[in-house]
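Everything below concerns the one structure shown next.
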Amino acid sequence: MATMTVMIKGTRPMLMHSLRLLNKMDPLTKERSRYTSIKKKTDADEVEIQRIDWLGALYHDDELGPYLPAENIEAAIVEGAKLSKGGRDVKRGVSVLEDRVRLDYDGPRDIKALYNGGDSRFIDARGVRNQASRVIRCRPIFLQWAATFTVSFDTAVIKDADTLIGFIADAGRFCGIGDYRPRFGRFDIVETRQ
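1 is the number of the first residue of the sequence shown in UniProt numbering; add one for each residue after it.
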């Protein structure tokens with residue numbers, strides 16, 4: 001096994017979309033259900049639904065602030081590797097060592113300041129397809145971002161660091177990370193260290 005530290009920098013904004021709201025037992029999901037079950041919603045109800053959607057989509061840790069889950073980074077590397085038929089090798093032989101990778105950007109790290117009462121550059125509202133219709137969904141967006149993470153790779157599966165760097169570079173150039181890929185979440189490798 002070998003390890004490598006990789007620093008990436010976004011070339012396109014990144015949209016986050018945590019799957020937290022899929023958990024019916026999550027208090028935020030229950031709160032959202034109270035608003036979405038109202039037949040005649042007021043503007044205030046709609047604003048609250050958008051706030052809950054944004055909050056439910058944000059990957060946030062009290063110590064780190066916004067972060068990227070290791071699974072998202074690993075999935076991006078797999079997608080990049082698939083372009084040169086290395087996807088299976090990456091699934092078998094590569095892992096991101098940190099469970100949560102700090103997202104670096106210029107701005108506040110706490111939820112309240114990030115959301116700023118709904119008036120924030122970290123909010124993206126756009127139409128998404130929901131069955132046959134389109135609805136507005138709010139997601140956290142980071143216009144300029146970077147992240148540094150450590151990957152472990154099995155040299156019996158991944159020949160060398162340059163091969164892995166190529167997979168990560170392809171992930172950034174063609175696939176992206178986060179929601180609404182590949183339009184969002186593309187990145188370049190800034191630095192690697194072994």
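Beta carbons: idealized from backbone N, C-alpha and C, even for Gly.
query	result
Evaluate the contact criterion for the stretch 19-34 versus the stretch 87-105: three or more CB pairs, one atom per stretch, below 8 Å.	no
Going by Cα to Cα distance, which pick from ALA125, PHE142, LYS82, ILE177 is closest to ARG134?	ALA125
Between LEU15 and ILE141, which are expected to be in contact by the criterion C-beta below 8 Å, what is the C-beta distance as a whole number of angstroms?	5 Å
Could you round the C-beta distance between ARG51 and GLY118 to whole angstroms and report it? I think they count as a contact, below 8 Å.	6 Å
Along the chain, where does the beta strand (DSSP E) that runs through THR150 open and close?	146-153
DSSP state of SER37, grouped into three classes?	coil
How many angstroms separate the CA atom of GLU48 from the CA atom of ARG129?	20 Å
Can you check which of these residues, ASP45, GLN131, MET7, is closest to residue 199 by C-alpha distance?	Residue 199 cannot be examined here, being either before or after the span of the chain that is shown, 1 to 194.
Give a yes or no on whether the C-beta atoms belonging to LEU83 and ASP170 are separated by under 8 Å.	yes
In this structure, does DSSP put TYR115 in helix, strand or coil?	helix
When you compare the CB positions of LYS9 and ALA146, do they come within less than 8 Å of one another, or not?	yes
Taking buried to mean at least 16 other C-beta atoms within 10 Å of its own C-beta, is ARG137 buried or exposed?	buried
Would you identify the three-state DSSP class for ASP61, choosing helix, strand or coil?	strand
Which of helix, strand or coil does DSSP assign to LYS24?	coil
Once DSSP output is grouped into helix, strand and coil, what is the label at ILE77?	helix
Would you mind stating whether ALA152 and LEU97 have Cβ atoms separated by less than 8 Å?	Reading off the sequence, residue 152 comes out as Ser, not Ala. Their beta carbons are under 8 Å apart, which means SER152 touches LEU97 by this criterion.
When the Cα of PHE167 is compared with those of GLN131, ARG139, ASP45, ASP89, which residue comes out closest?	ASP89
When you compare each of LYS85, MET1, ILE123 to PRO55 by their alpha carbons, which one comes out closest?	The question names Pro, yet the displayed sequence has Leu at residue 55. Considering only alpha carbons, the answer is ILE123.
How is the alpha helix (DSSP H) around VAL157 delimited, first residue to last?	No alpha helix (DSSP H) contains VAL157, which DSSP labels as neither H nor E.
Where does the unbroken beta strand (DSSP E) through LYS91 begin, and where does it stop?	Segment 87-93 is the alpha helix (DSSP H) holding LYS91; no beta strand (DSSP E) there.
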